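> In the order they appear, the protein sequences are chains A and B.
Note that the first sequence ends on residue 779 in the working numbering; no numbers are left out.
Note that the second sequence ends on residue 121 in the working numbering; no numbers are left out.
My structure is below; once you've seen it, I'll send some questions.
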Amino acid sequence: SAVISQKPSRDICQRGTSLTIQCQVDSQVTMMFWYRQQPGQSLTLIATANQGSEATYESGFVIDKFPISRPNLTFSTLTVSNMSPEDSSIYLCSVGQGARNGYTFGSGTRLTVV
Amino acid sequence: KNQVEQSPQSLIILEGKNCTLQCNYTVSPFSNLRWYKQDTGRGPVSLTIMTFSENTKSNGRYTATLDADTKQSSLHITASQLSDSASYICVVSANSGYALNFGKGTSLLVTP
Numbered sequence: 666s667a668v669i670s671q672k673p674s675r676d677i678c679q680r681g682t683s684l685t686i687q688c689q690v691d692s693q694v695t696m697m698f699w700y701r702q703q704p705g706q707s708l709t710l711i712a713t714a715n716q717g718s719e720a721t722y723e724s725g726f727v728i729d730k731f732p733i734s735r736p737n738l739t740f741s742t743l744t745v746s747n748m749s750p751e752d753s754s755i756y757l758c759s760v761g762q763g764a765r766n767g768y769t770f771g772s773g774t775r776l777t778v779v
Numbered sequence: 010k011n012q013v014e015q016s017p018q019s020l021i022i023l024e025g026k027n028c029t030l031q032c033n034y035t036v037s038p039f040s041n042l043r044w045y046k047q048d049t050g051r052g053p054v055s056l057t058i059m060t061f062s063e064n065t066k067s068n069g070r071y072t073a074t075l076d077a078d079t080k081q082s083s084l085h086i087t088a089s090q091l092s093d094s095a096s097y098i099c100v101v102s103a104n105s106g107y108a109l110n111f112g113k114g115t116s117l118l119v120t121p
């Protein structure tokens, strides 16, 4: 299965600032996703990162708050903009590799907003 | 609404003991069910994946079962080790696209 490198692994940020999270995959993948995991909660899909076009956002998530880039089939970024303490979560990227291989997750970015 | 419910919410066992985690789902139409292990501060790592026709699948000391009729799955851990301490997440896919339905996880603590 694909190997995902996600960084930073953690960060502490001031409210009102922005943080960009990077996700690098060791092979070309079609399906790439960004998730948020709030403390004690399950993973929630933020958006699907589409190569060459705008990301597809889930209900409750908007591009102005979570802009996503996908310049090629191996790389994507998620920016958390104008952060507030409520944005403190773990953010994970994931790639889908078909029914046989399932979904692989990055190691996550633990974000704390103070 | 597609839902995935896991129990217990948390569990503490002694090293060397066995345990079983439960997952009930209402996802329909069912495509597959995965169990993931998530260490603290890390991303989830796949343990098993089962389709409709599979009843049991093993991965070392982890054995997952699936009853598609009752929409229940279990994850059995044999001879637990301290490194098994983690959150175990049940994830169910529907046939309609790539959307995943996540359970909230069972937090397992294995103590010496």
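Even glycine gets a Cβ: it sits at the ideal position worked out from N, Cα and C.
Given the structure is predicted, the values throughout are model-derived calculations rather than measurements.
Nearest to Asp-729(A) by alpha carbon, out of Asn-737(A), Val-745(A), Arg-735(A) and Thr-739(A)?
If we check each option's Cα against that of Asp-729(A), Val-745(A) comes out closest.
> Helix, strand or coil for Pro-53(B), going by three-state DSSP, please let me know.
Three-state result, Pro-53(B): coil.
> Run the CB neighbour count on Arg-43(B), radius 10 Å, all protein chains shown included, and call it buried at 16 or more, exposed below.
It is buried - the Cβ of Arg-43(B) has at least 16 other Cβ atoms within 10 Å.
> Taking the DSSP output, what are the residues bridged to Gly-761(A)?
Met-696(A) and Tyr-768(A).
> Flag this pair as yes or no: are the beta carbons of Asp-691(A) and Thr-774(A) separated by less than 9 Å?
No, the pair does not count as a contact, with Cβ atoms beyond the cut-off.
> Alpha carbon to alpha carbon, how far is Gln-31(B) from Ile-21(B)? Give it in angstroms, no decimals.
For Ile-21(B) and Gln-31(B), the distance between alpha carbons rounds to 15 Å.
> Would Leu-757(A) and Thr-685(A) qualify as a contact pair, given that the criterion is a beta-carbon distance under 9 Å?
Their beta carbons are not under 9 Å apart, which means Leu-757(A) does not touch Thr-685(A) by this criterion.
> For Asp-78(B), count the other beta carbons within 10 Å of its own beta carbon; 16 or more makes it buried, fewer makes it exposed. Which is it?
Burial call: exposed.
> Please state the DSSP three-state secondary structure of Leu-738(A).
Looking at Leu-738(A) - three-state DSSP - the assignment turns out to be coil, as it is neither helix nor strand.
> Figure out for me which residue from Pro-121(B), Leu-23(B), Thr-35(B) and Gly-114(B) has the closest Cα to the Cα of Leu-84(B).
Here the closest residue by C-alpha is Gly-114(B).
> Taking the straight line between their C-alpha atoms, what separation do you get for Ile-669(A) and Lys-10(B)?
One C-alpha to the other measures close to 31 Å.
> Look up Met-110(B) in the DSSP assignment and give the residues it is bridged to.
Per the sequence presented here, residue 110(B) reads as Asn, with Met not at that position. For Asn-110(B), which the question treats as bridged, DSSP gives the partners Val-101(B).
> Are three or more beta carbon pairs between the stretch 718-736 of chain A and the stretch 58-71 of chain B nearer than 8 Å?
Because the criterion of three Cβ pairs below 8 Å is not met, the stretch 718-736 of chain A and the stretch 58-71 of chain B do not touch.
> Cα separation between Gly-725(A) and Gly-761(A)?
Going from the Cα of Gly-725(A) to the Cα of Gly-761(A) covers about 22 Å.
> If we count the other Cβ atoms within 10 Å of its Cβ and call it buried at 16 or more, is Asp-752(A) buried or exposed?
Its Cβ being crowded by 16 or more others within 10 Å, Asp-752(A) is buried.
> May I ask you to list, following chain order, the residues of the stretch 677-704 of chain A that have a beta carbon less than 7 Å from some beta carbon of chain B?
Of all residues in the stretch 677-704 of chain A, Met-696 have a Cβ within less than 7 Å of some Cβ in chain B.
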